[in-house]
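Peer 1: Structure in structure tokens, see below.
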Amino acid sequence: MIKDHPQSAKEFLKDNKKAAWHDSALWFLREKRDRAAKEVPDWEDLRSHAAQIKSHTISHLASYLEEFEKNANNKGIHVHWAETAKDHNEIIYDLLKKRSMTKVVKSKSMLTEECHLNPFLEKKGVEVIDTDLGERIIQFNNEPPSHIVVPAIHLKKEEIGVIFEKHLNSEKGNADPKYLTETARQHLREKFLNAQAGITGANFGIAETGTIVVCTNEGNADLGTSLPPLHIVSMGIEKIIPKFSDLSVFLRLLARSATGQPITTYSSHFNGPNNNGEMHVVLVDNGRSKLLAQKDFVLALNCIRCGACLNTCPVYRRTGGHSYGYTIPGPIGSVLAPHKDATSHKSLPFASSLCGSCTAVCPVKIDLHHQLLKWREELDKKGKTPLPKKLAMKTLSLIFRNILLYKLISKLKRTINLMPRFILYSRLNKWGAEREMPKIPKSTFKQQYAKYKKDQK
Amino acid sequence: MSRSKILSAIRSNENSIYKSEHPGVYKSKNNLQNLIYAEQIKKVGGFIYSFSEGHEAILNLKTIFGEMNSTYSYKETDFIKSNIPLHFQTPPHDCKNIDILMIKAELAVIENAAIWVTDPLEFPRSALFLTQHLIVVVDPTTMVNDMHAAYQKINKLNANFGVFISGPSKTADVEQCLVIGAHGPRSLTILMEEK
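Protein chains in written order, with my numbering: chain E, 1 to 457; chain C, 458 to 652.
The following block contains the structure:
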């Protein structure tokens, strides 16, 4: 049973200081994104171009997938098709089993998280090592990522120090990021050198050439694929782009939107198997084709997983990724999750102030806040709006539609100022649980305007 | 058969959405001309010297990181010599003890300091990532303004692998604190050839 967002958020907010730190750490990323975007004078043109490429691709997806398969095959890359998460996991296990491989290194892939590949392979006796530093930290801590780009952002360095003490025998009490990174470097170099297979995600798959592009800062995807003889790529079908030259648009947008870097340290183009090696691509549907039929939601397939909408979201920043209870948190997760299961994730479209900041920063122009609003409508049709919310909305609607009632309430609401705290801040007032209520002004806007007009004369 | 099921599901569903055209190749506005490569490489954590300052570049690395023993360079110079044998058929794991690798970039991009290299013919690709320090020689006539110009120049990738590298490997996964030297090279030095 997945907890509703407000419940889980409450747990996150118990540690007030850490929650405030989380908020500022992500705002720092958002500010870096802004500076990077401003450095590119044609930023808005790039966004429009990227959105057009994505929308075009999505509306011709089947033929681009076939083109990708054909061109990849010509380069000696094997292509597999997985309808579901289960198919995906089984295809990968089968590839490993046939080669008697039990040691795998993996670079960051949200799709393998979505498919729960690690627990599946571990049950079969395969060791899967996540090699992105943030992913390795949370793998040790046995928890899911809380962010799609910086997966361990919910942990303070002291907590990471303790995790490393336990798993890597690091110095007690040493929480220096440089020391911790070096410790992980030594540990993971061993793992890279001993791996039998490397699994990566895919940032882009190019139909025209059958190429896979993977972007990292740490170089873990490159070490994980240049050493072992087998490279398996786990790729969602929406990651296809038509042309090799389209990459210039996306690579200019991706890192700037994600972390404010002009490009990631490594943008690796896998154009065929490594010397004496094998390369396999698993194309995964897992519900994506269903989204194609829903014109109100189809733009969500444009997503390039940069995380900009998470970093800017006032609700994400203040409640943490785990509060969402879905592989992908934040605004993009909140529009994707209900497609998987509208009942379990019914609270997510409400985990938004609808301020629209997500839509404004999205490099591929997904209409995120419109989709969140649309979901609220859909959920209401399905009878999934929480009763207090529904009653409040019905009451407000009644007041706003009736001028006399509106005037009466305007007069009455000033009595709120006179209410004793224990009534005003009773459990019925959810808003007041965490914050002070604003003081109601002595006169209404209409009264103030009338007075202003009179004074003018 | 998953393949046909997925494709037919996509075909029947994609018909319900608006079919739009591909917008074509992005016309670069070329408005980043005032950027200077040397400044961009410093921003991404790299060092830069002119090729004639090669000795200083090596000295800089030794001052920061200490003594270095095994080196491989694509060509012999008076400041770096190959003292380990590498060739295309070298097992990829044998590159694990390289201290300094010097390569030649095929092109360099000014807007993000990235250099482009494709699957090297003279050593396994693992060397690019296992080496502790990477030195990249850039011919200034191969520099382009932005990524659009870069892909225009690359045109078609024939090698099995090509990579843009912008600065040394890095991470900020611990508390958003930038640490240089994650899994790959701890430093990246650009040696700019004289025009």
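Beta carbons are placed, not taken as given, at the ideal position from N, Cα and C, and that holds for glycine.
From the DSSP secondary-structure annotation, give me the bridge partner or partners of C:T646.
Peer 2: As a first step, residue 646 of chain C is located in the second sequence; it is residue number 189 there, counting from the start. Answer by DSSP bridge pairing, in chain order: C:F504 and C:I592.
Peer 1: Specify, as a first and last residue, the run of the beta strand (DSSP E) that E:Y266 falls within.
Peer 2: Within the first sequence, residue 266 of chain E is the residue found at index 266, counting from 1. From DSSP, the beta strand (DSSP E) with E:Y266 extends over Y266 to F270.
Peer 1: Using a Cβ-Cβ distance cut-off of 8 angstroms, determine whether C:L614 contacts chain E.
Peer 2: In the second sequence, the residue the question calls residue 614 of chain C occupies position 157. Chain E contact via Cβ: present.
Peer 1: Does any residue of chain C bring its CB to less than 8 angstroms from the CB of E:L188?
Peer 2: Position 188 of the first sequence holds residue 188 of chain E. Yes, contact with chain C.
Peer 1: Among E:H60, E:D23 and E:T209, which residue has its Cα nearest to the Cα of C:Y475?
Peer 2: Residue mapping note: residue 475 of chain C aligns to position 18 of the second sequence, counting from 1. Here the closest residue by C-alpha is E:H60.
Peer 1: Among C:D535, C:I611, C:F522 and C:A466, which one has its Cα closest to the Cα of C:H512?
Peer 2: To locate residue 512 of chain C, count along the second sequence from 1; it is residue 55. With distances taken between Cα atoms, C:H512 lies closest to C:D535.
Peer 1: Could you name the residues of the stretch 296-309 of chain E whose beta carbon sits closer than 7 angstroms to any beta carbon of chain C, in the order they occur along the chain?
Peer 2: Against chain C - using a Cβ distance shorter than 7 angstroms - the residues of the stretch 296-309 of chain E are V298.
Peer 1: Considering only C-alpha positions, which residue in the set C:T575, C:A629, C:Y608 and C:N602 is nearest to E:G272?
Peer 2: Numbered from 1 along the first sequence, position 272 holds the residue referred to as residue 272 of chain E. It is C:T575 whose Cα lies nearest to the Cα of E:G272.
Peer 1: Could you tell me whether any Cβ in chain E is nearer than 8 angstroms to the Cβ of C:V531?
Peer 2: For the purposes of this step, residue 531 of chain C is identified with residue 74 of the second sequence, where counting begins at 1. The displayed chain sequence assigns Tyr, not Val, to residue 531 of chain C. Taking Cβ atoms only, chain E never reaches closer than 8 angstroms to C:Y531, which makes this a no.
Peer 1: Give a yes or no on whether the minimum CB-CB distance between C:A565 and chain E is below 8 angstroms.
Peer 2: As a first step, residue 565 of chain C is located in the second sequence; it is residue number 108 there, counting from the start. By this cut-off, C:A565 is not an interface position.
Peer 1: Find out if the Cβ-Cβ distance for the pair C:S583, C:C552 is shorter than 8 angstroms.
Peer 2: Within the second sequence, the letter at position 126 stands for residue 583 of chain C. Within the second sequence, the letter at position 95 stands for residue 552 of chain C. Going by C-beta atoms, C:S583 is nearer than 8 angstroms to C:C552.
Peer 1: Does the distance from the C-beta atom of E:L121 to that of E:N311 stay below 8 angstroms?
Peer 2: Here residue 121 of chain E is taken as the residue at index 121 of the first sequence, counted from 1. Here residue 311 of chain E is taken as the residue at index 311 of the first sequence, counted from 1. Taking 8 angstroms as the Cβ cut-off, E:L121 and E:N311 do not qualify as a contacting pair.
Peer 1: I'd like to check one pair, E:G205 with E:R288: are the Cβ atoms closer than 8 angstroms?
Peer 2: Along the first sequence, one-based indexing puts residue 288 of chain E at 288. Along the first sequence, one-based indexing puts residue 205 of chain E at 205. In this structure, E:G205 does not lie closer than 8 angstroms to E:R288 by Cβ.
Peer 1: Could you pull out every residue in the same chain whose Cβ sits closer than 6 angstroms to the Cβ of E:I129, ignoring the five residues on either side in sequence?
Peer 2: For the purposes of this step, residue 129 of chain E is taken as the residue at position 129 of the first sequence. Hits under 6 angstroms: V105 and K191.
Peer 1: So, are the CB atoms of C:A571 and E:E218 less than 8 angstroms apart?
Peer 2: Residue mapping note: residue 571 of chain C aligns to position 114 of the second sequence, counting from 1. Residue mapping note: residue 218 of chain E aligns to position 218 of the first sequence, counting from 1. Taking 8 angstroms as the Cβ cut-off, C:A571 and E:E218 do not qualify as a contacting pair.
Peer 1: What residues from chain E crowd round C:H544, counting only those whose CB sits closer than 9 angstroms?
Peer 2: The residue given as residue 544 of chain C occupies position 87 in the second sequence. The premise fails here: C:H544 is roughly 11 angstroms from chain E at the closest Cβ pair, so nothing lies under 9 angstroms.
Peer 1: Where DSSP assigns a beta bridge to E:D130, which residues make up the other side?
Peer 2: The residue given as residue 130 of chain E occupies position 130 in the first sequence. BP columns for E:D130 point to E:K106.
Peer 1: Tell me the start and end of each unbroken alpha helix (DSSP H) in the stretch 230-274 of chain E that is at least 4 residues and wholly inside, in chain order.
Peer 2: Runs of the alpha helix (DSSP H) inside the stretch 230-274 of chain E: 247-258.
Peer 1: Would you decide whether E:D15 is buried or exposed? Buried here means 16 or more other CB atoms lie within 10 Å of its CB.
Peer 2: Within the first sequence, the letter at position 15 stands for residue 15 of chain E. Its Cβ having fewer than 16 others within 10 Å, E:D15 is exposed.
Peer 1: Can you tell me where the alpha helix (DSSP H) with C:M604 in it begins and where it stops?
Peer 2: By 1-based counting over the second sequence, the position of residue 604 of chain C is 147. From DSSP, the alpha helix (DSSP H) with C:M604 extends over M604 to I611.
Peer 1: Do C:Y653 and C:I555 have their C-beta atoms within less than 8 angstroms of each other?
Peer 2: With chain C covering 458 to 652 only, the question about residue 653 of chain C has no answer from this structure.
Peer 1: How about E:F68 and E:G320: do their beta carbons lie closer than 8 angstroms?
Peer 2: Translated into the one-based positions of the first sequence, residue 68 of chain E becomes position 68. Translated into the one-based positions of the first sequence, residue 320 of chain E becomes position 320. Their beta carbons are not under 8 angstroms apart, which means E:F68 does not touch E:G320 by this criterion.
Peer 1: Restricting to runs no shorter than 4 residues, where is the alpha helix (DSSP H) found entirely within the stretch 507-564 of chain C?
Peer 2: Runs of the alpha helix (DSSP H) inside the stretch 507-564 of chain C: 511-522.
Peer 1: Could you check if E:M419 is buried or exposed, using at least 16 other CB atoms within 10 Å of its CB as the buried criterion?
Peer 2: Your numbering for residue 419 of chain E matches position 419 in the first sequence. Answer is exposed; the Cβ neighbour count stays below 16.
Peer 1: Suppose the cutoff is 6 angstroms on Cβ atoms and the five residues either side in sequence are ignored; what does the same chain contact list for E:Q261 look like?
Peer 2: Position 261 of the first sequence holds residue 261 of chain E. Cβ within range, chain order: A255.
Peer 1: Give the residues from the stretch 490-520 of chain C that approach chain E closer than 8 angstroms (Cβ to any Cβ), ordered along the chain.
Peer 2: So the close ones are Q497, K500 and V501.
Peer 1: How big is the Cα-Cα spacing for E:P314 and C:I647?
Peer 2: In the first sequence, residue 314 of chain E corresponds to position 314, counting from 1. In the second sequence, residue 647 of chain C corresponds to position 190, counting from 1. Cα to Cα, the separation comes out at about 41 angstroms.
Peer 1: Considering just the uninterrupted stretch of the alpha helix (DSSP H) at E:C309, what are its terminal residues?
Peer 2: For this step, residue 309 of chain E is matched to residue 309 along the first sequence. A308 to T312 is the extent of the alpha helix (DSSP H) around E:C309.
Peer 1: Consult DSSP for E:H5 and reduce its assignment to one of helix, strand or coil.
Peer 2: Translated into the one-based positions of the first sequence, residue 5 of chain E becomes position 5. Here E:H5 sits in helix by DSSP.
Peer 1: So E:G198 packs on E:T225, CB below 8 angstroms; how close in whole Å?
Peer 2: Taking the first sequence and counting its residues from 1, one reaches residue 198 of chain E at position 198. Taking the first sequence and counting its residues from 1, one reaches residue 225 of chain E at position 225. With a Cβ gap of about 4 angstroms, E:G198 and E:T225 count as contacting.
Peer 1: Measuring only between beta-carbons, confirm whether E:L368 sits less than 8 angstroms from chain C.
Peer 2: Taking the first residue of the first sequence as position 1, residue 368 of chain E is located at position 368. No, E:L368 does not count as interfacial toward chain C.
Peer 1: With 16 other CB atoms within 10 Å as the buried threshold, where does E:K108 fall?
Peer 2: The residue labelled residue 108 of chain E in the question sits at position 108 within the first sequence. Its Cβ being crowded by 16 or more others within 10 Å, E:K108 is buried.
Peer 1: Against chain E, with Cβ distances strictly below 8 angstroms, would C:Q633 count as a contact?
Peer 2: Within the second sequence, the letter at position 176 stands for residue 633 of chain C. True, the Cβ-Cβ gap to chain E drops below 8 angstroms.
Peer 1: Could you tell me which chain C residues have their CB closer than 9 angstroms to the CB of E:Y266, listed as they occur along the chain?
Peer 2: As a position in the first sequence, residue 266 of chain E is number 266, starting the count at 1. Residues of chain C passing the Cβ test: F586, V620, F621, I622, S623, S626 and G641.
Peer 1: Does any CB atom of chain C fall closer than 8 angstroms to the CB of E:N217?
Peer 2: By one-based count along the first sequence, residue 217 of chain E stands at place 217. So, interface residue.
Peer 1: Determine the direct distance from the alpha carbon of E:P6 to that of C:F618, and round the result to whole angstroms.
Peer 2: Walking along the second sequence from the start, residue 618 of chain C turns up at place 161. Walking along the first sequence from the start, residue 6 of chain E turns up at place 6. Rounded to whole angstroms, C:F618 to E:P6 spans 47 angstroms at the Cα level.
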